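Heads up: the structure comes next, in structure tokens.
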Amino acid sequence: MSTRPAPARRDRADNLLALTEPARALVSAGALAAGRPLLCLAPRGEPHPVVVLPGWLASDVSTRTLRRWLGRLGHPTVGWDLGRNHGPRPEVVEGVRTLVERLVDQHGTPVSIVGQSLGGIFARRLARRTPRLVRQVLSLGSPFAAVPPRPRPPSGAGMYREYRRLRAVEQLRPAKALSVPSTSIYSRWDGVVDWRTCLQEEGPRSENVAVHASHLGMGVDPAVLWVVADRLAQPADDWRPFVRPSRFGLRALFPEE
Numbered sequence: 001m002s003t004r005p006a007p008a009r010r011d012r013a014d015n016l017l018a019l020t021e022p023a024r025a026l027v028s029a030g031a032l033a034a035g036r037p038l039l040c041l042a043p044r045g046e047p048h049p050v051v052v053l054p055g056w057l058a059s060d061v062s063t064r065t066l067r068r069w070l071g072r073l074g075h076p077t078v079g080w081d082l083g084r085n086h087g088p089r090p091e092v093v094e095g096v097r098t099l100v101e102r103l104v105d106q107h108g109t110p111v112s113i114v115g116q117s118l119g120g121i122f123a124r125r126l127a128r129r130t131p132r133l134v135r136q137v138l139s140l141g142s143p144f145a146a147v148p149p150r151p152r153p154p155s156g157a158g159m160y161r162e163y164r165r166l167r168a169v170e171q172l173r174p175a176k177a178l179s180v181p182s183t184s185i186y187s188r189w190d191g192v193v194d195w196r197t198c199l200q201e202e203g204p205r206s207e208n209v210a211v212h213a214s215h216l217g218m219g220v221d222p223a224v225l226w227v228v229a230d231r232l233a234q235p236a237d238d239w240r241p242f243v244r245p246s247r248f249g250l251r252a253l254f255p256e257e
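Under UniProt numbering, the residue at position 224 of the sequence shown is numbered 224, and the numbers go up by one with no gaps.
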């Protein structure tokens, strides 16, 4: 019996996920508005500086909701203030490092970095090179276990094909864990990157947390915001893996693994 229909079905499923990305992102935004009262119950820990990095071709505008949320939790939070994310240009790599160094000097403590998509890849690279600056890394739908987008990505249809390439990975292994605590938030319903490219080796200070979100909706999805708040609330010297909340029906926000 031929096995060709299976890849064809997967392609159709991937196409459906990609085409419904904008609509599903709006659903996450609506769920956020409805779930604000519950999100007020999110964990709060020691306030410390947080940097939020945007995804590919996005700017600080795309992370505004997330940054405001973290600010309300008490964390001094900043965007990267480097315009649109066009990839790892030298001035961007240096700019992120300089920003983190300035915050460390200003607050006297390492910085947590939250990176969406390509921003999460930047965060992990910085943590590998200068772990003394980084308290922990949280990546949202970041395909760090695969080859990242080219430094100068194409636009229009070419950009779409480049992203689709990240869904065509047949064999890959979870990325090696960082030396600092790290949480990768991923979704099997990601319509932009293959969710397997978002996995890292799990260990005493590294984990992968599944949510229902779309790729574009990661920054406004209630489950993602809860995970980010919970992770930032972890004591710097006593990090523990995420436990899905069971109160007030919040467990329903997370898929059964």
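Every residue, glycine too, gets a C-beta built ideally from N, C-alpha and C. Note that this is a predicted model, so its numbers are computed, not measured.
Per DSSP, the unbroken alpha helix (DSSP H) holding R129 starts and ends at L118 to R129. Taking all protein chains in view, the Cβ of E207 is crowded by 16 or more other Cβ atoms within 10 Å, so the residue is classified as buried.
DSSP, reduced to helix, strand and coil, places G79 outside both helices and strands of the structure shown, so it counts as coil.
Each residue's CA atom was taken as its position, placing A233 and R244 some 14 Å apart. Counting only the Cα atoms, V96 lies some 11 Å from R89.
In the three-state reduction of the DSSP assignment, V104 falls in the helix class, which pools H, G and I. Beta-bridge partners of Q200 (DSSP): A175.
Counting C-beta pairs closer than 8 Å gives fewer than three between the region 58-77 and the region 124-132, which falls short of the contact rule. Taking C-alpha positions only, L178 is separated from A18 by approximately 30 Å. In this structure, F254 places its C-beta atom within 8 Å of the C-beta atom of A210. Judged by DSSP in its simplified three-state form, R24 adopts helix.
Rounded to whole angstroms, the gap between the alpha carbons of S142 and L99 is 21 Å.
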